[in-house]
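Going by numbering that gives the first Met the number 0, 134 is the number at position 135 of the sequence shown; the sequence numbering is gapless. Note that the Cβ used here is the ideal one computed from N, Cα and C, for glycine as well. Right, one structure below, let's go through it.
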Amino acid sequence: MKTLHYTLMATMLVIIILLTIKLNAERKSHKMLDDKNITYVFPTDSLKRYTFPTHINDLVIDRQYSVTSEVFMVIVDPGKSVIHHQHDDTEQIFYIIEGTGTLFIGPDKHPYPVKPGNVVRIPPHTLHSIKTDTDRPVKYLCVDCFIGKPSENTWDEHVQAVCKKNRWNYNEVIGK
């Protein structure tokens with residue numbers, strides 16, 4: 000009985016050590032912010048707008064000012080749809096603010112209706128898109144929760160990569 004007890008304790012200790020090593024490695028993969036330069040409140044009255052051919056994004060918090068996240072508003076106009084895509088470096092959380100639409104998930108585009116007050120979770124590596132259902136835009140807050148180092152260091156670098164992938168004109172997207 001004592002041997003079993005010691006074996007269990009040793010196993011638990013090894014698991015704790017391995018988890019500690021893993022957590023420390025993950026922590027080091029994220030940049031840490033200087034406490035003196037942290038912004039705690041982000042005004043939303045003058046957001047930087049990115050007008051894609053399929054939707055609009057208004058940037059609230061750029062990933063470069065956060066440790067593991069970024070925040071932006073998404074507006075999908077009537078008759079439009081966000082292109083079916085996936086993110087390998089982030090989980091996304093949507094909070095639907097106004098309008099109704101359909102969320103499409105996976106390669107088969109399984110439909111899920113969305114309306115104001117719904118919260119949507121998009122795991123990493125999950126194909127997804129959203130389309131309006133009415134003559135009103137769908138507007139939602141999106142929070143990207145990075146699972147490691149983001150593929151691009153800033154939101155703007157991300158937008159450039161998205162434009163290149165979809166053959167969109169970056170200068171038109173940023174309004175130049």
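Where D87 is concerned, there is no enclosing beta strand (DSSP E), because DSSP gives it neither an H nor an E. Taking all protein chains in view, the Cβ of E97 is surrounded by fewer than 16 other Cβ atoms within 10 Å, so the residue is classified as exposed.
By the neighbour-count criterion, in which 16 or more other beta carbons inside 10 Å mark a residue as buried, D143 falls on the buried side. Bounds of the beta strand (DSSP E) holding N56 are I55 to I60. About 6 angstroms separates the beta carbons of T89 and P123, which is inside the 8 angstroms limit, making them a contact pair.
In the three-state reduction of the DSSP assignment, H109 falls in the strand class. Pairwise C-beta distances place the region 104–117 out of contact with the region 155–173, as fewer than three of them are shorter than 8 angstroms. Under the three-state reduction of DSSP output, Y39 falls in the coil class, being neither helix nor strand.
Relative to Y39, the option among Q159, T99, V75 and D61 whose CA is nearest is D61.
V59 and V70 do touch by the CB rule: their CB atoms are close to 4 angstroms apart, below 8 angstroms. Around the beta carbon of N56, a 10 Å sphere encloses 16 or more other beta carbons of the protein chains shown; the residue is thus reported as buried. DSSP places Y139 inside the beta strand (DSSP E), whose first and last residues are V137 to F145. Three or more Cβ pairs drawn from the region 133–149 and the region 72–87 lie within less than 8 angstroms of each other, which places the two stretches in contact. Bounds of the alpha helix (DSSP H) holding H157 are W154 to N165. Checking the DSSP bridge columns, you'll see Y94 partnered with V118 and L140.
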